[in-house]
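Residue numbers 223 to 820, in my numbering, belong to the letters of the sequence shown in order.
Backbone N, C-alpha and C fix where the C-beta goes; we use that ideal spot for every residue, glycine too.
Since this is a predicted model, take the numbers as computed values, not measurements.
Encoded as structure tokens, the structure appears first; notes follow it.
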Amino acid sequence: MSVNIDKVLRNAKTEIRAGRAAQVRGEVLMALEKFPANARLLTALTEVQQAATGLPARPFGPHHVQHFLAVRDRIGLDAAIEEMAAAVRLNPQHPWPNSILGGALMEAGLLPAAIKYLGIALKLDPRFLEAGMNLAAAQQQAGQLPQALISLEHVLKQDPNFALAQLKRAQVLALSQRDAEAIAAFQAYSASHPDDLEAKIGLASCLTTTGALSEAKTLLQSVLLADPNNAAAFGNMGNLALSEGDLPKAQELFERALTINPRSAIAFFNLGRARDFTAEDPLIAQMQAMTADSGLPFEDRVPLHFGLAKAYEDIGEADASFAHLQQANALRASQSPYSLATDRALFADYVQRFSPAAPALTPPPAARTPIFVLGMMRSGTSLTEQILSAHPLVHGAGELEVLPRLVMAETAQTSGSFDTQTLERIRSAYLAAIDQGAGDARYVVDKLPANFRLIGLIRKALPEARILHMRRDPVAVCWSIYKTFFTNLGIGYDNSLSDTIGYYDLYTQMMQQWRAAYPDGFMDVDYDSLTRNPEPAIRQMLDYCGLPFDAACLSPQDNQRAVRTASVRQVRSGIYQGSSGKWRKFEPHLAELIAHFA
């Protein structure tokens, strides 16, 4: 769009004389976006800002902060953001306006812009701890968890005793699924803040994730002893019951959380994980009313829309369900922009690094044999782990982030193939990690789906490992990914059907490359064949893994181990058919998906 500077300047003078300076400020700012060094526009902005605020435009000081707060409360956030954008343009080297603008943008949910200005504020004043904390919070909301940790570590370097930063670091570690580090961080913080209930709840959540259910329950009970109306504690107790397969207890606890806090979006969502809704359920109307609440925090809107999508699906209203899925995923996409090109480059790098020609280990077999269950998310990895871990010789470790993290640390240090010393480091660290909680089991299942990217590395560093590759109807897989609320913001491709389709194509191409490079490197398991005729498929899997047949594997619903994935209810229902066809109820909305895989 062309900008006529003279016209902008004339409008500015006219509006100032008419006492409407604030109304022309946005026009001057837009002109400065195109001509940032134009002296006449900067002079006009100075005059407009002074007329609109009744304050000198420079230097920026406490009175400008007070005026910003008054505008936000009296007129609204948009007007306050515009005022502070002008203050930044006129005081670019002052950390305060950059920090305030960043905080306001974060409040508005404009996370990339918030991160930009908060980063500038911290660069201008590295000891500006408030800016550092807000930057970490914005990065966390945007799914930039590694960057959030860097920001928090910067704050703690300035002030090692900053309690809020210590707690936030533990919480971000937990969100990053770095559970062992998160537990250590929560425990260190709690040692000096033993009465902090939020920290206890966070620690309990990590303990639940790692399978330390008894310790988690004890912690949550201590929270409820101190605060009998703590909705978050009841919600976490519900998650614990859900992971144990006690659906009635989980439902009771989620409903108790909602009784205490009727606006708890996450409790609504979790209740939908524990039970199905009926058309007469008053909670649906209650949730629907919350969507119109402009005061609902940004982070509550995503679980609310996912919860409503589940509720409307339960009562057969596919159009309403899909509309809420679109809203939920659009919100998540705004938090976590995804680049298919980044994953394409990563996949190509891994295929090259871990090609058959690259170095490999030939060690004696480990005391425990890893069994990797991998493939696309929602392809049946949870069911397969539940089947295998029903065997008395097998421990189900869940979705371990250990191997990708080890590989990421090494790829950051070197390009090209890993030498044998690097492979040894990865092997030793991984085998040590799977020893934790495995007891006497001779086999350990790692069911992180994304490990399909590392098949070449597994064959080189862990040659004794068995790899089960889950395959399922691509339409069912992509649809299930799109409709699932994953807590890991780093996935990214789950927020758009187009991105999910693109990622699925990358996965398919990579599996073809691994199959050509390592013809005997893994076993394909067809999910629909497994559910249609379980026993032959299960016998084949056990035989491939070197395990004797055990009838317990035919009844995975009786397996009492905790399950902590999105498939928690499905695996408690036994091996059943039909789930791959659930997308058909939404067929009118899935033309792009169906056509792509036709």
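query                                                                                                                                               : result
Return helix, strand or coil for L690, following the three-state DSSP convention.                                                                   : strand
Can you tell me whether A589 sits near the ligand MG, meaning its C-beta is under 7 Å from at least one heavy atom of the ligand?                   : For the structure depicted, the ligand MG is absent and the ligand set is empty, with no information on it obtainable.
Among the residues of its own chain, which have a CB less than 6 Å from the CB of A253, if the five just before and after it don't count?           : V225, V230 and L263
Do you know offhand how far N320's Cα is from E352's?                                                                                               : 12 Å
Check whether the Cβ atoms of L562 and Y411 sit closer than 8 Å, and answer yes or no.                                                              : no
In the DSSP assignment, what residue or residues form a beta bridge with S746?                                                                      : Checking the displayed sequence, the identity of residue 746 turns out to be Asp instead of Ser. Looking at the DSSP assignment, D746 forms a beta bridge with H691.
Are the Cβ atoms of I680 and A619 separated by less than 8 Å?                                                                                       : no
In terms of DSSP beta bridges, what is R593 paired with?                                                                                            : Strictly speaking, residue 593 in this sequence is Ile, with Arg absent from that position. According to DSSP, which records beta bridges pairwise, I593 is partnered with V667 and R688.
Provide the residue span of the alpha helix (DSSP H) that contains V225, from first to last.                                                        : Where V225 is concerned, there is no enclosing alpha helix (DSSP H), given that its DSSP letter is neither H nor E.
Pop quiz: H527 and A774 are said to be a contact at Cβ under 8 Å. What is the actual Cβ separation, rounded to whole angstroms?                     : In fact, because the Cβ distance is near 40 Å, the residues do not count as touching under 8 Å.
Quick one: what does DSSP say G618 is sitting in, helix, strand or coil?                                                                            : strand
Distance check for F569 and S427, CA to CA, integer angstroms please.                                                                               : 32 Å
Determine contact between the stretch 745-752 and the stretch 624-638, defined as no fewer than three beta-carbon pairs at a distance below 8 Å.    : no
Where Y534 and K705 are concerned, what is the direct C-alpha to C-alpha distance, given to the nearest angstrom?                                   : 12 Å
By the DSSP assignment, the alpha helix (DSSP H) with H289 in it spans what residues?                                                               : P284 to R296
Is DSSP giving F257 helix, strand or coil here?                                                                                                     : coil
Check the C-beta distance from R566 over to L728 and give it rounded, since I have them as a contact under 8 Å.                                     : 6 Å
Once the 5 residues before and after A487 are set aside, which same chain residues still bring their CB inside 6 Å of it?                           : D522, P525 and L526
Measuring only the C-alpha atoms, how far is I303 from H316?                                                                                        : 16 Å
Could you tell me if Q409 is buried or exposed, where buried requires 16 or more neighbouring beta carbons within 10 angstroms of its beta carbon?  : exposed
Just to confirm, are Y665 and L769 a CB contact at a threshold of 8 Å?                                                                              : yes
Can you check whether the CB of Q366 is closer than 8 Å to the CB of V394?                                                                          : no
Got a sec? Which residues, its chain only, sit under 6 Å from A545 by beta carbon, not counting five neighbours each side?                          : none
How is F771 classed by DSSP in three states: helix, strand or coil?                                                                                 : coil
Would you kindly check if the distance between the Cβ of V629 and the Cβ of Q735 is under 8 Å?                                                      : no
Jot down the residue ranges of each uninterrupted alpha helix (DSSP H) in the stretch 316-378, minimum 4 residues, whole runs only, in chain order. : 317-329, 333-346 and 351-363
Can you tell which of A589, H285, K379 and L605 has its C-alpha closest to the C-alpha of V595?                                                     : L605
Are three or more beta carbon pairs between the stretch 478-485 and the stretch 455-463 nearer than 8 Å?                                            : yes
If you compare alpha carbons, which of R806, D503, S465 and N356 is closest to V697?                                                                : R806
Can you tell me whether D418 is helix, strand or coil according to DSSP?                                                                            : coil
With a threshold of 16 other CB atoms inside 10 Å of the CB of D401, please say whether the residue is buried or exposed.                           : buried
Output the boundary residues of the alpha helix (DSSP H) element that contains S720.                                                                : L719 to A739
Give the C-beta separation of G659 and G433 to the nearest angstrom, bearing in mind that I take them to be a contact with Cβ-Cβ under 8 Å.         : 6 Å
Could you tell me the alpha carbon to alpha carbon distance between A472 and A496, rounded to whole angstroms?                                      : 6 Å
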